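Here the protein sequences come in this chain order: A and B. Residue numbering for the first sequence follows the numbering used here, beginning at 1 and increasing consecutively. Residue numbering for the second sequence follows the numbering used here, beginning at 1 and increasing consecutively. Using N, Cα and C, we set each Cβ at its ideal position, and we do this for glycine too. Just so it is clear, the structure is predicted and the values come from calculations on it, not from any experiment. Written below as structure tokens is the structure these notes are about.
There are 2 protein chains.
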Amino acid sequence: MTDPDEHAPVAVTVDLVVLTVRDDQLQALTIRRGEEPHRGRWALPGGFLRPDEDLPDAAERELREETGLSADRFHLEQLGSYGAPDRDPRMRTVTVAYIALAADLPTPTAGTDAADARWQPVSRLLGTDDALAFDHSAILADGVERARAKLEYTPLATAFCGEEFTVTELRHVYEVVWGTSLDPRNFHRKVTGTAGFLEPTGATTTRDGGRPAQLFRAGTTRHLHPPLLR
Amino acid sequence: MTDPDEHAPVAVTVDLVVLTVRDDQLQALTIRRGEEPHRGRWALPGGFLRPDEDLPDAAERELREETGLSADRFHLEQLGSYGAPDRDPRMRTVTVAYIALAADLPTPTAGTDAADARWQPVSRLLGTDDALAFDHSAILADGVERARAKLEYTPLATAFCGEEFTVTELRHVYEVVWGTSLDPRNFHRKVTGTAGFLEPTGATTTRDGGRPAQLFRAGTTRHLHPPLLR
DNA sequence: GCAAAAGTGTTGGGAGTACACCCATGA
DNA sequence: TCATGGGTGTACTCCCAACACTTTTGC
């Protein structure tokens, strides 16, 4: 590092790509901006880093503030940082983006203090480059691509399911996020055969219709061997 | 985003994990600090983000300053950001880390203005948690893990080779980075059979001894299908 | 019984591994 | 001629996609 005196005044923010599967679609949480710039436009939830806060703590706090839910209901990981000099007309900002994956939430953004918060299908948001304020469309696109890629080699898809879920519900997550269809029989064999992916609860359910299906919890593995391919 | 007035004064830096393969080892570029804090200790190269500079531009500039080589000689990608409140005793800093992969350089850090710059084996640097100043040991560990993972499913190993290289030289990169040994015959078949990975130059060389080997350039694919497994 | 979804068996092809073998050079 | 590494052939195994088939529920 060189002389600190030459550093520019920079504001650091944390922005969130919060994804869920709702109504057979991958959806992202968006907030309507109440202030300039981009007043009235949709944006990703986020806010400024506080003086004594580490980056993951700031991301958790924002997540709580925007959704009213505790952060342990989510998978949260850092996506990347964005710092183009003109990305915010007010001042020089660098944002550290996080992605959060969640099960379908009972009521979107319950208990938030944001003026207007809404789930919107990712397909619609990514259809036009300026659907979101600032550079948030690019950040969302990166987040979605990260999520798609991680389904292949991590058990992350379970983060989109509730506490207990069936193999079919898990497969549905893959089909929606990847936009493909998968063979139910082979999918079943594959996920139940991968050690540490799923943990049986012993209970069954008929909520998907037909023969009762076993209920599972997420296992403890962090990586899938072998990976599930698209 | 909420009120900008509540934001803390934060300095943003860019730090680099510069990796190369030298002397049958994965090595990282380190700089001896000439100032407090951590004066005299080794650290990752890096510096403050300038007022009108985007993050990738800052990373490229630092790379040029520290190595004296143009940035197109490297593969450069963002690794992640680190912002623990106490990571720098002088002030609140958030650093955006990048990894740079390079071929073995003729003379380490030629033309740099850094007081003391040196390649050091990653195995030695990661042996003790405080081998590097600040949180740089953790950043280095993350960077090495990223590089190892990316060799599996991208053609990134070619970034460690020169402009033209043989299959054996490429295999050597894999063996050093992964710390494994690979079957030369099957490796040859695999990499030459993956479309877009390697592009033949038509020339041959005997620099590895034995029968002349074909020379290749890096191809255009960004992903390996199927992946090379460790 | 019938529809619907869960879950198992079987089979054929493709990819990975191990290793025998041949090729082309320098010394 | 021998050592050294480059490169091909081949057989065996294992995984996986495709799909027929059985099981267990609700209606």
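Assignment of B/Glu77 by DSSP, reduced to helix, strand and coil, places it in the strand class.
Only residues of its own chain outside the window of five on either side were considered, and among them Pro155, Thr194, Ala195, Gly196, Phe197 have a CB closer than 8 Å to the CB of B/Thr221, listed in chain order. Taking a contact as a CB-CB distance under 8 Å, the pair A/Leu44 and A/Asp15 counts as one, their CB atoms being some 5 Å apart. Look at A/Ala141 here: in three-state DSSP terms it is helix.
Setting aside the 5 residues that flank it on each side, B/Gln25 is surrounded in the same chain by Pro121, each with a C-beta closer than 6 Å to its C-beta; the list follows chain order. The Cβ of A/Gly68 sits no closer than 8 Å to any Cβ of chain B. When the beta-carbon positions are compared, B/Ala102 and B/Leu79 stay at least 8 Å from each other. With contacts defined by Cβ atoms closer than 8 Å, A/Arg32 and A/Gly40 form a contacting pair. When Cβ-Cβ separations below 8 Å define contact, B/Glu53 makes contact with chain A. Looking at the backbone, the Cα of B/Glu164 and that of A/Glu169 are separated by about 49 Å. When A/Thr205, A/Pro212, A/Val191, A/Leu215 are compared, the shortest CA-CA separation from A/Leu228 is found for A/Val191. Setting aside the 5 residues that flank it on each side, B/Glu175 is surrounded in the same chain by Ser181, Leu182, each with a C-beta closer than 8 Å to its C-beta; the list follows chain order. Only Tyr82, Gly83, Ala84, Pro85, Arg90, Met91, Arg92, Val94, Val96 from the segment 82-105 of chain A bring a Cβ to less than 8 Å from some Cβ of chain B. Within the segment 153-226 of chain A, the complete beta strand (DSSP E) segments of 3 residues or longer fall at 198-205, 213-218, listed in chain order. By the Cβ-count criterion, A/Ala203 is exposed, with fewer than 16 other Cβ atoms from all chains shown falling within 10 Å of its own Cβ. With fewer than 16 other Cβ atoms inside 10 Å of its own Cβ, A/Arg189 counts as exposed. In the DSSP annotation of this structure, the continuous segment of the alpha helix (DSSP H) that includes B/Asp57 starts and ends at 55-67. Cβ-Cβ separation between B/Leu126 and B/Thr30: approximately 12 Å, too far for a contact (criterion under 8 Å).
One thing to note: B/Thr201 has its Cβ within 8 Å of the Cβ of B/Phe216. Looking at the backbone, the Cα of B/Val12 and that of B/Met91 are separated by about 11 Å. In the three-state DSSP reduction, A/Asp72 falls in the helix class (H, G or I). Ranked by how close their Cα comes to the Cα of B/Glu145, the residues B/Ser81, B/Val177, B/Val167, B/Asp72 have B/Val177 in first place. With contacts defined as CB atoms closer than 8 Å, A/Ala117 and A/Glu36 fail to qualify as a contacting pair.
In this structure, the beta-carbon distance from B/Val18 to B/Ala28 falls below 8 Å. Around the CB of B/His223, fewer than 16 other CB atoms lie within 10 Å, so the residue is classed as exposed.
Contact residues of the segment 10-34 of chain B toward chain A are Val10, Ala11, Val12, Thr13 (C-beta to C-beta distance below 7 Å). For B/Leu19, the enclosing beta strand (DSSP E) begins and ends at 11-22. Within chain A, no C-beta atom comes less than 7 Å from the C-beta of B/Leu63; the nearest is roughly 14 Å away.
What A/Gly40 touches in chain B, judged by beta-carbon distance under 9 Å, is nothing: the nearest beta carbon there is about 14 Å away.
Annotated three-state conformation of A/Leu126 is coil, per DSSP.
Secondary structure of A/Arg32 (DSSP, three-state): strand. When the Cα atoms are used, B/Ala138 and A/Trp119 turn out to be separated by approximately 36 Å. Within its own chain, the residues whose Cβ lies closer than 7 Å to the Cβ of B/Arg87, once the five positions on either side in sequence are excluded, are Thr93, Phe134, Asp135, listed in chain order. In the DSSP secondary-structure assignment, B/Phe48 is bridged to B/Thr13.
When DSSP reads this structure, B/Pro85 sits in no beta bridge, so it has no partner. Judged by DSSP in its simplified three-state form, B/Arg118 adopts strand.
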